[in-house]
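In the numbering used here, the protein residues as written are 237 to 548.
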């Protein structure tokens with residue numbers, strides 16, 4: 237069992253703008269639930285008891301989300317990076333808070349239910365220094381995988397990739413000896429370690445769902461899948477997370493909600509408003525007699541008039 241995890245949440249969320257203009261990508265809501273909390277739930281289900289989360293943009297919003305320094309009574313330490321350290325530098329920076337040997341890393345901006353237990357079992361069975369979760373993600377494959385080992389990444393050694401990295405990995409504490417104390421991706425670190433004979437392994441995990449939400453269209457698609465397929469990861473124990481209408485929303489009786497419309501907490505929707513296939517984040521307001529089709533209204537913003545395919 238691995239009891240500690242480093243959750244990467246310091247990215248800029250550039251591809252998802254303007255949804256991430258005022259909210260870090262890991263805190264963007266999926267239905268009524270912040271994206272990063274799916275990662276935490278998934279890790280808890282595998283036995284993780286302590287979390288380290290790195291932050292960069294808008295760190296006060298993470299501090300608000302984890303104000304008690306815990307999540308479901310599991311310890312959460314936030315480590316802010318005033319200057320981005322990238323994935324390798326971020327891991328090195330978190331070393332004082334990851335003292336107990338093996339740990340997991342998990343990107344805080346993906347949503348997946350791939351089998352983490354299988355990844356952990358393979359890591360220890362093979363005696364690996366690092367084990368990457370591999371997957372056919374739809375992106376260009378960059379990782380060359382042969383006989384249970386990672387032999388190249390990005391064709392540095394001239395070997396074509398077979399799979400993509402699924403943004404989850406298991407690490408031994410040997411990694412800290414290989415990462416310099418500076419801004420650096422973990423990819424060149426792993427490549428150097430491979431050249432030195434390090435046991436860098438992987439496991440193909442094509443089971444389940446895997447979403448990397450890189451655009452507003454992909455953001456909407458996640459909601460469509462959850463709704464149309466009635467998909468809910470078995471590690472999420474809150475039966476209300478995928479509710480279309482939050483209990484604290486105020487909706488005038490003459491308003492109409494059509495199609496895949498999702499309304500967050502404390503939203504106010506005025507009389508005669510018509511919303512179709514529209515996602516409304518917590519605290520937003522929809523003016524009376526407005527007509528919104530295929531829109532996203534961000535937290536505490538106000539939408540009015542006739543809008544199509546708009547982000548407010």
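Think of the CB as a built atom: it goes at the ideal place given N, C-alpha and C, for glycine as much as any other residue. Predicted model only: the values in this text are computed from it and were never measured.
The criterion of a C-beta distance shorter than 9 Å is satisfied by residue 282 and residue 238.
DSSP lists no beta-bridge partner residue for residue 277.
Residue 482 places its beta carbon 9 Å or farther from that of residue 508.
In the structure shown, residue 464 adopts helical secondary structure according to DSSP, grouped into three states. Boundaries around residue 529 are those of the beta strand (DSSP E), 527-529, since no alpha helix (DSSP H) includes it. Around the beta carbon of residue 290, a 10 Å sphere encloses 16 or more other beta carbons of the protein chains shown; the residue is thus reported as buried. Looking at the backbone, the Cα of residue 320 and that of residue 537 are separated by about 29 Å. Each residue's CA atom was taken as its position, placing residue 402 and residue 332 some 26 Å apart. DSSP places residue 316 in the strand class (E or B) of the three-state scheme.
Between residue 345 and residue 272, the gap from beta carbon to beta carbon is short of 9 Å. In this structure, residue 522 places its C-beta atom within 9 Å of the C-beta atom of residue 516. Rounded to the nearest whole angstrom, the C-alpha separation of residue 394 and residue 378 is 11 Å. Secondary structure note for residue 367: its beta strand (DSSP E) is the uninterrupted segment 366-371.
Residue 544: member of the beta strand (DSSP E) spanning 542-544, first to last residue. For residue 368 and residue 303, the gap between their C-alpha atoms comes out near 31 Å. Shortest Cα-Cα distance from residue 415 to any of 428, 406 and 342 involves 428. By the criterion of a C-beta distance shorter than 6 Å, residue 504 is surrounded in its chain by 486 and 521, once the five residues flanking it on both sides are discounted. Residue pairing for residue 240: DSSP places it in a beta bridge opposite 286. In this structure, residue 456 sits away from residue 447, with a CB-CB distance that is not shorter than 9 Å.
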